[in-house]
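Notes follow once the structure below has been shown.
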Amino acid sequence: MAQHLFCGTAGRQVWPHEGPEILSLGRRERFFVVITTFNRAAYLADLLDSVAALNPAPDGVIVVNNASTDTTVSVIDAARTQLAALSTPIPVIHHELAENSGGSGGFSAGVQRALDEGAQWMWLMDDDVTAVPDAIGALGPWMEKYDAIVGRRYDAEGEPFFWQNNFNTFLGFPMPVRGDVFATSNEFATNVGCFEGMLLHADAARAVGLPDPRFFLNWDDTIYGWQLSLQRPVVYVNEFVLHKARSQRSIDLGIRHLNDSSDLSRFYVMRNRGLVAQYLRAHGRFNRVGFALGTALTAAKELLRLVGVEKTLRGSSRLWAGWRESRTILAATDFKPMPPLESTN
């Protein structure tokens, strides 16, 4: 593991500085946690408790509330009070949306709000994880070198969660990478993102643009990471920074685990193939034959998930409904990717 580059003080730690006077923190200024949540107040409360324990602390937390109808607002209010009372107070910003825009819309709004707040770094995460207390310090060395970083996660049982893949543009499909990717190095170059813990620099977000809310669910972080990788390195690093809090049924396929899903996710994993195709076209990487094969692989994986994990074929109709809608999206001739943002520098 990499050495953590932060200095201890009495109590909570602070970002390091050199010499007798505080100098510019450069690459480590304005670190924000950006959370997207929808109707999972109990998970959100645990996540915000873990944010309160982060040492060093972030400069702020943005909670994008996707029009939740449970006790999410009360949880955010309580966290605001809790984090304001810390020895190093952490501001909590409640960014409430008028309607549920899915994870994609939530992260799109969250990145925009973080940039508006002057964030230099945005740590993006769903509501059903918790942060490892020293996570920010652990990520610090890579913040000096890279603009897009994904740390490791533990699953709900405390075991390492498998996440190592590369996006195959011929298939339009992420392929798992066999073996120990950290056998010879503590960093692994990838070309996909993961909004369950991706750390993003503001320069990268401005260059690529906001996450595309049209995805709603699924493929959004894969395509966002791929677009980033066309401009700059995207790295998976050998530091455990998050715990997955939600237990899921799964089967072990040898090179990866396959978790349970939902009818909503099944619909969007197929529907969004149309958006994946449009992004490949926009970058001159679309191959009709390869993409059709990748779509067949996507459907096969989802059917295996249904049969192998959920022990049913109920829900397969949502796959076909999503595929039919993907055809409409794929046929559109007026599609435009999300535009780059103007730099404020």
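Residue numbers (the UniProt record's numbering): 1 to 345.
Using N, Cα and C, we set each Cβ at its ideal position, and we do this for glycine too.
Reference residue i; option with closest CA among the options
| i | options | result |
| --- | --- | --- |
| Asn186 | Thr169, Cys194, Asn168, Arg152 | Arg152 |
| Leu86 | Asp59, Val111, Gly102, Leu280 | Asp59 |
| Arg266 | Pro141, Lys244, Thr295 | Thr295 |
| Arg288 | Glu310, Arg327, Ser261, Leu319 | Arg327 |
| Phe162 | Tyr146, Asp147, Cys194, Val132 | Cys194 |
| residue 347 | Ala148, Ile35, Phe286 | Any answer about residue 347 is impossible in this case: the structure gives the chain only from 1 up to 345. |
| Leu200 | Arg214, Lys301, Leu115 | Leu115 |
| Arg271 | Gly322, Asp70, Ala148, Glu310 | Gly322 |
| Phe32 | Asn259, Ala57, Pro176 | Ala57 |
| Trp142 | Lys301, Met198, Ala282, Thr72 | Met198 |
| Val269 | Ser104, Ala78, Phe170 | Ser104 |
Contacts around residue i, its chain only, beta-carbon distance under 7 Å, and the 5 residues preceding and following it disregarded
| i | result |
| --- | --- |
| Asn191 | Asn166, Phe167, Gly225, Trp226, Ser229, Val234 |
| Arg246 | Tyr43, Asp128, Ala156 |
| Ser316 | Leu303, Leu306 |
| Pro340 | Arg206, Ala207, Val208, Gly209 |
| His4 | Its pLDDT being 33, under 50, His4 is placed unreliably in this model, and the value from its coordinates should be taken loosely. These residues qualify, in order along the chain: Asp134, Gly137, Ala138, Gly140. |
| Gly100 | Looking at the sequence shown, residue 100 is not Gly but Asn. Correct list, in chain order: Phe38, Asn66, Ala67. |
Residues near residue i in its chain [Cβ-Cβ closer than 6 Å; skip 5 each side]
| i | result |
| --- | --- |
| Val181 | Gln164, Phe188 |
| Ser24 | Low local confidence applies: a pLDDT of 34 at Ser24 is under 50, so the model's placement there is unreliable, with the coordinate-based value given in what follows. Nothing meets the Cβ criterion. |
| Tyr146 | Pro233, Val235 |
| Thr344 | No answer about Thr344 holds up, because its pLDDT of 48 lies below 50 and its placement is not dependable. |
| Glu342 | none |
Integer Cβ distance of residue i from residue j, believed to fall under 8 Å
| i | j | result |
| --- | --- | --- |
| Val64 | Ala109 | 5 Å |
| Thr37 | Asn66 | 7 Å |
| Pro211 | Asp220 | 6 Å |
| Arg27 | Glu159 | Not confirmed; about 32 Å, so no contact. |
| Arg232 | Trp121 | Going by Cβ atoms, the distance from Arg232 to Trp121 rounds to 15 Å, so no, they are not a contact pair. |
| Arg318 | Asp263 | 5 Å |
| Pro174 | Thr222 | 6 Å |
| Ala45 | Val75 | 5 Å |
| Arg285 | Thr169 | 4 Å |
Own chain residues within Cβ distance below 8 Å of residue i, not counting five before or after
| i | result |
| --- | --- |
| Gln278 | Ile329, Leu330, Ala332, Phe335, Pro337 |
| Leu83 | Leu48, Val51, Ala52, Val61, Pro89, Ile90, Pro91, Val92 |
| His95 | Ile62, Val63, Val64, Asn65, Ala109, Gly110, Arg113 |
| Thr69 | Asn39 |
| Leu171 | Gly290, Phe291, Leu293, Gly294, Leu297 |
Where the beta strand (DSSP E) containing residue i begins and where it ends
| i | result |
| --- | --- |
| Pro176 | 173–176 |
| Thr36 | 31–37 |
| Ile93 | 92–96 |
| Phe188 | 187–190 |
| Tyr154 | 148–154 |
Span of the alpha helix (DSSP H) around residue i
| i | result |
| --- | --- |
| Trp163 | Looking at the DSSP string, Trp163 is not in any alpha helix (DSSP H), and its letter there is neither H nor E. |
| Tyr268 | 263–271 |
| Ile329 | 316–331 |
| Tyr236 | No alpha helix (DSSP H) contains Tyr236, which is instead part of the beta strand (DSSP E) from 234–244. |
Taking 8 Å as the threshold, find out whether the region 261–276 comes into contact with the region 139–153 through three or more Cβ pairs. As far as the Cβ criterion goes, the region 261–276 does not touch the region 139–153, which means the pair count is below three.
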